[in-house]
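Below is one structure, written out as structure tokens; the observations come after it.
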Amino acid sequence: MYDIQQIRTDFPILNRTVYGKPLVYLDNGATTQKPRQVVETIMGEYYNTNANVHRGVHFLSQQATELHESSRETVRRFINARSTNEIVFTRGTTESINLLAATFCQSQMQAGDEVIISTMEHHSNIVPWQLQAMQRGIVLRVIPMDDEGNLLQDEYEHLFSPKTKLVSIAHVSNVLGTVNPVREMIAAAHAHGVPVLVDGAQSIPHMPVDVQALDADFYVFSGHKVYGPTGVGVLYGKEDLLDKLPPYQGGGEMIQHVSFERTTFNELPFKFEAGTPDYIGTTGLAKALDYVSALGMDVIAAYEHELTQYALRRLEEIPDMRIFGQAPERGGVISFLVGRIHHFDMGTLLDRLGIAVRTGHHCAQPLMARLGIEGTVRASFGLYNTKEEVDALVAGIDRVRRMFLNS
Ligand code: PMP
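In terms of our numbering, the sequence shown has 603 at position 255, counting the first letter as 1, and numbering is strictly consecutive.
Written out as structure tokens, the structure reads:
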């Protein structure tokens, strides 16, 4: 039983008003709200267990270290990695991709070698590769898509060459909602001997993910999009692949021994974790993963699927509605434009009705160029959203539409 009203009581912010209206929070693609359980865990650790991890012999440091390392185990279990050595804590998706781009390109690629990405990538999965292109002369190849927002699998197959060294693609598009067939795309890449990085920023909060079943070589996500705190995220990598990569940053914890002549590096995963980690953030993230696991990721997925189908049906009733992204497999992200109303005007007026949506290019300007638009309005759902909130969105859009009709 999915008791939505009970679940909503775990998220105090959902009770607040904005401009005197009840908050309708539909910007979960950007960040999610935090349940009491997560916030209280973070507060509890600051009040009771705060001490720097890994380096202390004293009681508090050991307890903080245990919490931090058991959070790594929680993440391992959540995505079904083989070992905690494969779980590297980072600041988020963006840092995870930058870490991988820098270390992979430095050690595994030469000028002229190619990375395949797709038309629908977030800037965080474009720009890190472009930085490497500038520094090392690697080349980006881009999988095209059709008008519905499906990546063209035949074209993908044709992009492989002996110079292809990595594929890096989003599991779920943060604009179109498309759920890419990553398992098949990974198998296709493996047939060419090429490893795959999956950007899971928009999938981890919404569906069960099993990195072994997908056979993903690398998988990255952010804590704050899965009901956890900001500033903490994950890079999963197969151990043998992570082992081949050099450290990313230098500093505390990533070393085994330092002398001025020669420094040796720590084992996985610490090799990639220079400096004091966000050990409070990792405890908060683990609590968030426990929270969604207790509800059941498959249950959350089914609930959000029904909500999204309902929202699509209702939104399509609005005259002059254009929805971007009609892939058969889609998540709870809906991008749209209504008539000639600018996305920014729509977002601003909805905000006045208490409805929080995102407007603009959603950090996917190349995708906007492909769609021939500058931006969209985007509603994105989380596990606590309701049909009543969808109704409020639809009524709000219709009200704005009528205002523009009459002006
Ligand atoms: N990739 C995708 C698909 C995203 O939606 C986002 C966040 N909008 C990111 C990467 C970047 O995530 P973060 O800002 O948490 O690093």
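Ideal placement from N, C-alpha and C gives every residue a C-beta, glycine not left out.
- DSSP lists no bridge partner for Leu701.
- Taking each of Val436, Leu500, Val748 and Gly702 in turn and checking the Cα distance to Tyr373, the smallest one comes out for Gly702.
- Residue side-chain check: Ser570 places its Cβ nearer than 6 Å to a non-hydrogen atom of ligand 1.
- In the structure shown, Asp375 falls within a strand segment according to DSSP collapsed to helix, strand and coil.
- Here the stretch 382-402 lies against the stretch 627-641, with 3 or more beta-carbon pairs under 8 Å apart.
- Within the DSSP secondary-structure output, Tyr596 pairs in no beta bridge.
- Not one heavy atom of ligand 1 sits closer than 6 Å to the Cβ of Gln597.
- Straight-line measurement puts the Cα of Met391 at about 14 Å from the Cα of Ala399.
- A residue is listed when its beta-carbon falls short of 5 Å from at least one non-hydrogen atom of ligand 1; in chain order these are Gly440, Thr441, Thr442, His470, Ser472, Ala518, Asn522, Asp547, Ala549, Gln550 and Ser570.
- With respect to the 7 Å criterion, Glu462 and Thr512 are classified as neighbours on the basis of their beta carbons.
- If you draw a straight line from the Cα of Asn614 to the Cα of Leu589, it comes to about 16 Å.
- Per DSSP, reduced to three states, the secondary structure at Tyr567 is strand.
- With distances taken between CA atoms, Cys711 lies nearest to Ser472 out of Ser472, Glu665 and Pro556.
- Here Tyr732 is near Ile355, since their CB atoms are less than 7 Å apart.
- Taking a cut-off of 8 Å for Cβ pairs, the stretch 406-422 and the stretch 589-608 do not touch, as fewer than three such pairs fall below it.
- Within the stretch 623-661, the complete alpha helix (DSSP H) runs of at least 4 residues fall at 627-643.
- In the three-state DSSP reduction, His402 falls in the coil class, being neither helix nor strand.
- Annotation for Gly392: no beta strand (DSSP E) segment contains it, though the alpha helix (DSSP H) segment containing it runs Arg384 to Asn396.
- For Gly744, the uninterrupted alpha helix (DSSP H) run begins and ends at Lys735 to Leu753, by DSSP.
- Contact annotation: Val530 and His538 have beta-carbon atoms that are not nearer than 7 Å.
- Each of Gln454, Thr526 and Asp495 was checked against the Cα of His653, and the nearest Cα belongs to Thr526.
- About 5 Å separates the CB atoms of Val544 and Ile534; that is less than 8 Å, so the two are in contact.
- Three or more beta-carbon pairs drawn from the stretch 682-692 and the stretch 654-674 are found closer than 8 Å, and the two stretches are therefore classed as touching.
- For Ala727, the enclosing beta strand (DSSP E) stretches over residues Thr724 to Ser728.
- Judged by DSSP in its simplified three-state form, Ser418 adopts helix.
- Its Cα nearest to that of Leu741, the residue Leu371 stands out among Ile352, Ile628, Leu371 and Gln478.
- Taken through DSSP and simplified to helix, strand or coil, Thr438 comes out as strand.
- Here the alpha carbons of Glu496 and Thr656 stand approximately 17 Å from one another.
- Between the beta-carbon of Gln597 and that of Ala622 there is about 4 Å, and that keeps the pair under the 8 Å contact cut.
- Take Ser551, set aside five residues on each side of it, and the residues of its chain with a beta-carbon closer than 7 Å to its own are His519, Val520 and Val557, in chain order.
- Asn754 counts as exposed, since fewer than 16 other C-beta atoms from the protein chains shown sit within 10 angstroms of its C-beta.
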